[in-house]
Structures are given as structure tokens and as C-alpha cells.
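Encoded as C-alpha cells, the structure appears first; notes follow it.
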Amino acid sequence: MDEELLGEFLTESNENLAAIEQQLMDLEANPDDEELLGSIFRTIHTVKGSCGFLNLHYLEKVAHAGENLLSRIRALKYQVNEDIVSLLLECADAITQLLEGLEETGKEPELDHSDLIARLKACEQQVAGADAGESAAKTSDKVDSDDAGAAQASITWLDDMDASIIEALQGERLITAADVIAAGFARLKDIQPLTSSDALKILGIARSAAQTEEQGEQVIPTQAEEAPHGEEAVVEAPVEVKPSVAKETTAQQKSKPQKDSQTKAPQKAQTKAKKPQSNASIRVDIELLDELMNQVGELVLTRNSLVQMVRASGSMDLMRVGRDVDQITEQLQDQLLRTRMQPIQTIWSSVPRIVRDIGKQLDKKIKVVMQGEDTELDRTILNALKDPLTHIIRNSCDHGIEMPSVRAENQKQEQGILTLSAVQESGFILITIHDDGGGIDAERIKEKAVKMGVLSEEQAATISKKAALQLIFHAGLSTAEKVTNFSGRGVGMDVVRTEIERVGGSVDIDSTVGEGTTLRIRIPLTLAIISAMVIGCEGQRFAIPQMSVQELLSTPEDSDDWRLIAGQPFYRLRGKLLPVMRLKQALDLSEDDTLHGSIVVVDMGDRTFGILTDQIYGAEEIVVKPLGIHFQHLNFYGGCSILGDGTVIPIFDCNGLASMIQISSDVDAMQQLQEDAEVGEVDKQQHSLLFNQAGMRYAIPMTLVERLEYLKPDAIEKTATGEILQYRGEVITVLRWSDLLGEPQASKEADEEIYCLILSDGDPNSGKRMCLQVDDVEDILEVPMDIKKASDNPLFLGTTVIQEIATEVVNVFEVVQRADPDWFAHQAGNASMKVLFVEDAQFFRQLVIPVLESMKFEIRIAEDGEQAKKVLETFTPDLILTDIEMPNINGIELATWVKAQPHLYHCIIVALTGKQDANLDSLGSDVFADVLSKMDSQALSENITRVLNEHAGHHRDSAEQQTSQVLAKPPHPSSYQSVHHSTRQSAQESARKVA
Amino acid sequence: MAESAISATKEKKHSTELLTCRVGEQWIGFRVQQVREVVKQQPRTHMPKAPDAVAGLINLRGRVITELEVRKVIGLSARDEGKPFHVAIVETLGGEDFGLIVDDVGGVIVLDEQAFESTPQSLDSAWRQVSDGVLKQEDRVMVLVNVDRFVGLTVPSLGGVDTADVTVH
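Chains A and B supply the protein sequences, listed in that same order. Start counting the first sequence at 1; every next residue gets the next number (my numbering). Start counting the second sequence at 1001; every next residue gets the next number (my numbering).
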């Protein structure tokens, strides 16, 4: 066998087959896509054609059967169904399998696919039969159905012609190209409905088809001539790394030669001598690469020592050389790491197929959406992830996504969506697997855990929902009601976690019943070198993988935020109690039980805890080395490394540390109780800044306060339009509280510093800031805000009592809008605004859509109220624009319905009418925020902006409900204020209710 | 132990070289094939919560090696502070290398087959567990230490199993 030719054949076939799986699935979705079908057909056709030439009999048989079926489907424009696609996928699998065998051993593996071939043939008959039925009906008594099947079989060479022509030819029993040539032009042109030009064309096609058939075998040698080009490509091609393929192949070759010599003696010599290389790249044994990696690791360490010595020497020459060595080593390390990187696509590519097969088996409709397929990961990690990922996906399809009927009942789209996403996050990869299925009921997990003895009743009662969900990673807990083929045996999720943790990753789960489940996997980019936080404890250094480190805290021992519960220290961090491990005690380094030092906050997904240590040295890139057998039972060690000065440093495994802090379930339970209690308290309270002005005390909620600055009076500059402050490279408007109140400024010495509150909209990028100058800041307190008396002044929400002193609560929204009337307009014009436009008339859709597009909204369109309701199942818009007069459900009915939906309560609904002078009153309905005319594009755009501005604050409010209950809906720009006064009052009423 | 039986038969055929070391008053021998090198005191990293016998980790030219304190395993009192010691880097069948801390290193001797005897019952029980036999010399009895069994003794999770049975991850 010609090695080059075989290599060429393998390369081409592999390339084509790589795409065919996806193509087949696409075809399943779009059975009418003839181009796609043609492409699939050509791939199989090429494989088959080449097989004959290369003497690959098994392959030829399979490919031939597949080709026949495809050609039949193509000729008859038959709509493929799932079963046919499954069969074709199986055929493609068989071909791939044969090609793989061929590639590895250089000879065709003897695999028997006669069963598959028989099924392909049967399917072909079925396709032909189905069509025969149809055409028989159409052409009535001209052709009987049996003949039609046969006729259709070989008329594929004419697939570019009109169906009616093909039918006519069948009627005349002109089936093969040879038949047509024999019939000749004179007879052809007499056949109805063929014209002379049709007849000529058919004859031409028939001649070339007949020629191709004869020359079929001579076409292939041209490929052989092209082969040398392929070899050139090898030099430049990127290195593709495949694990120990070389080794396996050698092993196979060693074990097989005897068998080879018996079966295909003539080929044996060549096969052994040279293996056909299919890809334009070289393969490197992963072990060799690992060895290289280790050595580069050593080099990095040696470099570290060298650099330190060089620095100590003080010699300029040495320093220069040292710097070069430093850089080269870094590049070498970087590039070597890159050789091991592969896109996550390599393991994701099989997902659509898995999902499709499961979906078919379980009669579920599931769509796969992937994001970030080109995110790269270390090969070792990718390999380790493959099985857990498959398992998770199977679980999601099997238990997560509901049956279509169930989904329909729950007002979900019948097709479930499985979303895979991968993003790189500073040295780590975050992989998210989300399904929009039924979700997991934490209560059921608890029940089961209690039944299995994993949890005690008391524990189950106190455990949080999130912690309960994490129990599915516990061995022996599977919530599936019945065991299926794919999952539900109760082993699995624990294995998933173990596997992921083995490569230094972590996994957690979140789920909302009825809405779906999300699994998040955090994985280091590469195993060999990690970024770690080096800490010091009792004079010893330890490393904590940076991946687990959430933040660092410096904590004086006398801090008010320490709590001791049952001897276990907790640190109060942003309203939550963080369990803290005293490292020196945990490691038996010292009995010292003071709470002095720094806390490393470690986030393990399901739990967060602090490690109290003496010092924090900083982050360092370290090479992970395994620990010996003496440390196997110590699960809090993850390995060790050698620092620049040659010292060995242990690396902690935070999962292990986390288990050490589970001192007793009592503590856990208490923590939970404590946490809940504290959170409850926090909810009712609000951080507020208290300040005095002319003897009155004011409180301003901290919601919008970014910073409190203490500035020299001359920092505030006067301009033509008002006062400004240069702040962090920006110019921001200054308002003085005294001016807002219309009171004189307190007289101060020229150089006495003044208080400036920097108010910001919380988005660091938007740059919306202003400065509020106040006279005398008293304190920042967390106080319950109970508005006792509402205020008529829009600057205030009302009066409350703080520490027994009556205090006016400032309406921050009013303040910021005084500084910048467009403060919220910026947000309204944001591209993230979602709009649903409901309109039945094509004309108006065309008129209004460009306006909405120009405003950079995310737009969905519905043609009537009925459709709008459907859209609203999955789409939660910020604004609904609806026509009034529509079939099925009209605009008012739709708006009334929307108002009754809890998840849509914040939607702003605006009616669009064709009348020029639209106004609210004419409709007699109060469900709309406004009525706008859709006739004038310019006015429409302006009016939409205005309506959004008016409601922007309302929006903010709902988004920040947790932190700003006392804040009323902000007032509207003054020009509209009078009109909407009633809305304002009701907002204040609601604020009082909350308070 | 099958392993010691094999080495015993081997020793009858070939004369074996032994490295002699002293721990307390006891002289011991390691098979030279299993000793990579002998090093002086190295900067050591203490590993909290490690098994008793583990003195710590050392960096031997970029390789991290677990140091085992022989005196601890054998049940002798700790060495006096500041007293110098040597570390014999030995290789086990499990593939991992260990540093065995001994008080002193003698030299390499060729095993005299005539003098080799099976472990006597009179030997201290701790030594008996790791002995492949004893060598009687004029004024002393030297214990031929089975390195794998010795290391196995120090791993709590193994409960005294040979390291040969353990595959290092």
C-alpha cells in the first residue's frame, strides 16, 4: 500500500469526519438543508471512493451502505428523522473507528459491521418505499410502487434536475445514465414535460456521469501527486500533543506482528517500517513532555536561587547575564506550558452528541449552548475533567431537564437548554454547567441525607439551603427517583467531586426548584505551577493556593468583630460570621490562643472560612511537588514546593483544612443560627451617615455614598455653571447642603478642612459621581430607619429618630438629580435595557423597530398579546411597548395580565397608538405608564427616553431592594414632577410601610 | 517476607557490600545498592502533624526528600541538641527516596557470608522488626537493616507494611 497516499487519505478523511457528526446533528434540526446533506454525502462518498482504490474492504462496505442511504435521501429530498440520523451517526462512528485502527496499525482493522450495514440497507429500502408510496399516488397508474423504488435507486446522478423531470424519466423507465444515453436525444425531447434544452442537459449529465463511473479509480492518483505538499506543511504546523499514542502503538505492533503476517503478509514489511502519519504535526509522548515540564520546573527553582545570588553579588555583568537567564527561563516555562494547553472544545465536542443520544432515549428535547469553547486548559486537567463533565451532563439531561410535557405544564419551552461556559479568571478556569430544568429540592436532599445517616435531624433543621445542596456530592446520595441507563445509581457526584479535587479544582452547586441547576467548577490552568499565597506561622512558611484565597484581612486582636462561640473564633465580615481557624493551634505549633495576626479568607465554594496566621508574605508562583507516603493521610497538605532560597515549603489543600475546622456539628449549627439572626438584623438596619447642619441633624443612607473625603476648602473650584471638584482625574459637580436648604454656609476658617461626600452610582466605569459638601459629619451608624413622619420637601424622605434625636432622612436620589438631571438617564440608555415590542401590523413594526434599534435596546417582538405572553415566559423586559388594538389578546388585556405577574411587576408598560395626540386619559386604563404615538419616530425616541428616565429610579430601587428599603422611588425631573405627584406620594407611602 | 528471602539467596551467590552506620550504641548496615549517597545536615522544613519518625523535608538538589529519624523509630532518646549527624539517602522498592538520620557513618564493608546469621531472639525487638540478619564481628553485632521494612514501620497508615507494596502517587 502506498504510504503517502494512505496518509493523505487519512488526513482528508479525518478532517471531513471531524465535522460530520455536527453536520448530521445540524441536518436533524434542518432536514431541508440540501447543501448540508450534499456535504455529508460527499464526505462519505470520498471515503468510499478512496477505499476501493486503497483496498480497504471493511471500510468500503460500511461507507458504501452509508452512501447509498444518503444518496437515496438526497435524491428523494426525503426528510430525515431522528432514527435515520442516529443510524448515520453510527455509520460515521464505524468509519471513524476503522480509520483510527488504520492509522494506529497501518492496516485495516477487521471489524464486522454487517449488522450496521444491514440496518443501513433496510433504512434505504424504507426511505425508498416511503417515497414510492408518494410518487405512486402522484403518478397514479403509470408506475407501480415496487418499480418506483428500484427506479429511484440509481437516478441519483440526476439530482440537480426538477422532480417532475425525474418523475417523467422514471415513467419512461429511463433509470441509469446508460439508459438515457441509449434512448438518445430524439426520444428524450418527446417525453412530457421535457423541453429540448432539458433533454440536452440530461443527456450531457448522463454522459459525464457514465464517464465518472468509468474513470472513478483514476481520479484518486491525483491525490497521491499532491502528497508532497502535505509533508512540507509538517514543518510549520503547530505541535499537537497526544498522550502516549506512540507507546500504545508500539505495544500493539509488538503484540500483533504474527497475526499480521498470516492475514496480510505482503503489507507487513511496510506497515512495520513506517506508520502513516495523518496530521500535519508531530506527536510527542506525554511522558516526555511531563519530564520536560519537571526539568523546566527545576530550572525555574535554580533560576530563583541564581537570581538571588547574583543580586547579592552586586556585579553588573553578572546581573545582566542573570536577567537574561531569568527571562529565557520564563519564556521557556511559558511556552512549554502552552504545548500542554488544549482548548476545552476538545472535551466539549462530544457533548452535543451525548446530549442528543440521551435526549432521544428519554424523549426529551435538549439544546446545548456553549460559550468560551476556545478557553485553554492543561491537557492533564482536561483529561481528568472529561469523565466528571460527562457525568454532570448526563445528570443534567436525565434528572435536571424535565419531560417536554412537564415543561409545557410549567410554562417552559418544551426544549430544555443546557449551557456550558468556560471563562478564564486570573489563573483559573471557571466552568459553568447550567440546565433550565426542574432544579433540585434541598428539602428532599436533607430528607435523604437524614435517612442515609449522613445528617442528624438537628443538623438537617439548621443546615442552609446551599449547604444542603452540596450534599449531593456526598457518596451514596442521589435524588433520582429511579435508576436509568445514564445516571441515578447514587455513585457519581461524589466521584465527580473527588476527580475534580484531585486536579486541584473545586465544584459547587446551586439550584432553584423549577428554574434549573448550575454547577460551577473552578480549575487551575495548569497543575505543575500554581500561584500561591505564602504565609508565616510560628516562624514557618506555608503556601495556600491562590485559587482558594478570597481576600486577606488584617485584624487587631481587640477588634469588635471577633466572636467566640463554643471556643471557636468567628470574625464578623460584612455582616456574616466567618469561622476562623487558628493555624498555630490547628497544626499543634503552639498553644497560643490569642487572636492576633492576619486572616486569609478561603472560599471553598460551599463554605468560606478564615485562616488566622502571623504574617502574610505575598503571592508567588511555585512548582508543585508531591509529598511522600508519610503525608498521604494528612489531607490538609496538597504537596510541597521549593522556594527561591531553597527552603521546602508545604502547600495546604484547603479542602483538607476545611474539614479540620468542622470541629463539631454543634459549632456549625450555632454558626448557622447566629448567621441567620445577624442577617435578619442587618436586613432591617441600614448604614447611614449622620451629619449636622445649622443645628439640625440629617441622616443620609450610605447606598450611594462612595467615600467621605476631608478636603481643603480651596479644593472646590468655582466655574461659570457652578462649583466643581477634581476627583480621581475627573471633574465632578459639587453641591453644598447649605445651598440645597437655602441656608447660609457655616463660617469657617480658610484653611479648615471640609467634609465632602462623594456620591456615585456604584458603577466604577460609568463615572457618574458628584460631591455633596456638608458641614459636620457626626458618625456612620447602622441604625434601624423608621420614618415617623413623611416630608413635603422632596429633599427628604421624612423624619426618623436616631439615638433619641429627631433626624431628617435625606433623599439621595433627589440630591443626585439636582446635581445632574440625567443621572439616571445614563442607565436608561444602557444597552442592557430589554424591550418587548408587541405590534400586529407589519407596517408599524417596520416603523418602530429601527427607532428601538437606534436606542440600543435588546429587543424582542411579538405579533399579538398571546405571543407576547409566550415571549414573557423566558424574557423579562424592562419595558413593554404594546399596540392597543390586536387580535386574540389586546394591549390592555396584555398589560393587565403583565401587572398580575409577580416576576414582571417592575416592567414599565407603554401603550403605542397611531393617533397623533395620544394621552393616557383617552384609554381609561391605568395599567400603562404612558401612551405614546408611534407615528413620529423622532418624538417616539425622545418620549421613550423620558418615560424611562421617569421610571429609572424605580428600577434602581427594585434592584437594590435589599439595601435600600427606606429609599423611596426617586422623584422625577422637575418638569414632570407635578403631573406625577401622586406616584411620588404612593412611593413614600410604600417607604413608610417598609420602614 | 518474600523480598528478604530473595535478597538472602542473592547474597549467598554474590558478596554484598554494606554501608555501616551507628545509631546510639548499635551499628547497622545498609545494602550499598540501596544507598544513593550520604549527606551532612541539611536545612530542614518541619512538617506539622507528620508522623513521629518524620524529622521533616529537605531539598536535595531540587528533589524533596522526607527525612526519618532512625533513633525515634528504634525508640532511643533524642539526640543531644547541636550534635552533628549524617543522613543516608536510601532508595525503596516503592520508588520513593528517604533520608535516614544516623549518628555516624562508618564505611563500606564487604559482607562476610560466614559471619551472616539469622536475627537472634536476643536482639532488641525494635531492631528485630527491621533486621534481615546480623553480622557478628569481633567486638560488635551489626544489624543488616531492611530499608523497605524500616520505612514501612514509620508510616502510620500502613501499619508496618513494606513500602514495596505501596505505589507512590
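Ideal Cβ positions, reconstructed from N, Cα and C, are used throughout, including at glycine.
Using three-state DSSP, classify residue i as helix, strand or coil.
{"i": "residue 937(A)", "result": "helix"}
{"i": "residue 640(A)", "result": "strand"}
{"i": "residue 81(A)", "result": "coil"}
{"i": "residue 129(A)", "result": "helix"}
{"i": "residue 86(A)", "result": "helix"}
{"i": "residue 893(A)", "result": "helix"}
{"i": "residue 839(A)", "result": "coil"}
{"i": "residue 899(A)", "result": "helix"}
{"i": "residue 1140(B)", "result": "coil"}
{"i": "residue 1095(B)", "result": "coil"}
{"i": "residue 511(A)", "result": "strand"}
{"i": "residue 563(A)", "result": "strand"}
{"i": "residue 434(A)", "result": "strand"}
{"i": "residue 191(A)", "result": "coil"}
{"i": "residue 854(A)", "result": "helix"}
{"i": "residue 866(A)", "result": "helix"}
{"i": "residue 376(A)", "result": "strand"}
Given that residue i touches chain A, what residues does it touch there, using C-beta distances under 8 Å?
{"i": "residue 1058(B)", "result": "648"}
{"i": "residue 1094(B)", "result": "629"}
Which bits of chain A does residue i rub up against, with CB to CB less than 9 Å?
{"i": "residue 1075(B)", "result": "Neighbours of residue 1075(B) on chain A: none; closest Cβ ~18 Å, over 9 Å."}
Cα separation between residue i and residue j?
{"i": "residue 22(A)", "j": "residue 384(A)", "result": "24 Å"}
{"i": "residue 392(A)", "j": "residue 366(A)", "result": "15 Å"}
{"i": "residue 1058(B)", "j": "residue 629(A)", "result": "15 Å"}
{"i": "residue 1151(B)", "j": "residue 1074(B)", "result": "12 Å"}
{"i": "residue 36(A)", "j": "residue 29(A)", "result": "11 Å"}
{"i": "residue 84(A)", "j": "residue 123(A)", "result": "7 Å"}
{"i": "residue 380(A)", "j": "residue 929(A)", "result": "57 Å"}
{"i": "residue 429(A)", "j": "residue 524(A)", "result": "6 Å"}
{"i": "residue 894(A)", "j": "residue 862(A)", "result": "12 Å"}
{"i": "residue 370(A)", "j": "residue 10(A)", "result": "29 Å"}
{"i": "residue 634(A)", "j": "residue 627(A)", "result": "10 Å"}
{"i": "residue 812(A)", "j": "residue 880(A)", "result": "28 Å"}
{"i": "residue 1055(B)", "j": "residue 1116(B)", "result": "32 Å"}
{"i": "residue 448(A)", "j": "residue 851(A)", "result": "55 Å"}
{"i": "residue 632(A)", "j": "residue 419(A)", "result": "37 Å"}
{"i": "residue 140(A)", "j": "residue 350(A)", "result": "Its pLDDT being 42, under 50, residue 140(A) is placed unreliably in this model, and the coordinates cannot settle the point."}
Output, in chain order, the set of chain B residues within a Cβ distance shorter than 8 Å of residue i.
{"i": "residue 564(A)", "result": "The premise fails here: residue 564(A) is roughly 24 Å from chain B at the closest Cβ pair, so nothing lies under 8 Å."}
Using the beta-carbon of each residue, which ones in chain A are nearer than 7 Å to residue i?
{"i": "residue 1049(B)", "result": "587, 588 and 634"}
{"i": "residue 1155(B)", "result": "629 and 630"}
{"i": "residue 1054(B)", "result": "630"}
Give the interface partners of residue i over in chain B, defined as CB-CB distance under 7 Å, in chain order.
{"i": "residue 301(A)", "result": "1062"}
{"i": "residue 540(A)", "result": "1046"}
{"i": "residue 298(A)", "result": "1062"}
Output, in chain order, the set of chain B residues within a Cβ distance shorter than 9 Å of residue i.
{"i": "residue 640(A)", "result": "1045, 1047, 1057 and 1064"}
{"i": "residue 856(A)", "result": "Simply none; closest approach about 55 Å."}
{"i": "residue 34(A)", "result": "Those do not exist, as residue 34(A) stays about 55 Å from chain B at its closest Cβ, beyond 9 Å."}
{"i": "residue 365(A)", "result": "Going along chain B, no residue has its Cβ under 9 Å from residue 365(A), so there is no contact; the nearest lies around 44 Å."}
**OP:** Jot down the residue ranges of each uninterrupted beta strand (DSSP E) in the stretch 390-426 of chain A, minimum 3 residues, whole runs only, in chain order.
**Re:** 416-425
Original post:
Between the stretch 321-338 of chain A and the stretch 352-360 of chain A, do at least 3 Cβ pairs fall closer than 8 Å?
Top reply: no
**OP:** Decide if the stretch 641-652 of chain A is in contact with the stretch 555-568 of chain A; the criterion is three or more beta carbon pairs, one per stretch, under 8 Å apart.
**Re:** No, the stretch 641-652 of chain A does not touch the stretch 555-568 of chain A.
Original post:
Fully enclosed by the stretch 706-734 of chain A, which beta strand (DSSP E) runs are 3 residues long or longer?
Top reply: As far as the stretch 706-734 of chain A is concerned, its whole beta strand (DSSP E) runs of at least 3 residues are 716-718 and 723-727.
**OP:** Count the C-beta pairs between the stretch 492-509 of chain A and the stretch 457-465 of chain A that are closer than 8 Å, then say yes if the count reaches three, no if not.
**Re:** no
Subject >> the stretch 705-723 of chain A contacting the stretch 733-740 of chain A, beta-carbon criterion three pairs below 8 Å >> reply: yes
Original post:
Can we say the stretch 430-441 of chain A touches the stretch 393-402 of chain A, given the rule of at least three CB pairs closer than 8 Å?
Top reply: yes
Original post:
Do three or more CB pairs link the stretch 1083-1091 of chain B to the stretch 1035-1051 of chain B at distances below 8 Å?
Top reply: yes
Original post:
Which ranges does the alpha helix (DSSP H) cover as unbroken runs of at least 4 residues, wholly within the stretch 1019-1100 of chain B, from first to last along the chain?
Top reply: Scanning the stretch 1019-1100 of chain B for uninterrupted alpha helix (DSSP H) segments of 4 residues or longer gives 1070-1074, listed from N- to C-terminal end.
Original post:
Can you find at least 3 beta carbon pairs, one from the stretch 836-843 of chain A and one from the stretch 787-797 of chain A, that sit closer than 8 Å?
Top reply: no
Subject >> At least 3 beta-carbon pairs within less than 8 Å: the stretch 1132-1151 of chain B vs the stretch 1025-1034 of chain B >> reply: yes
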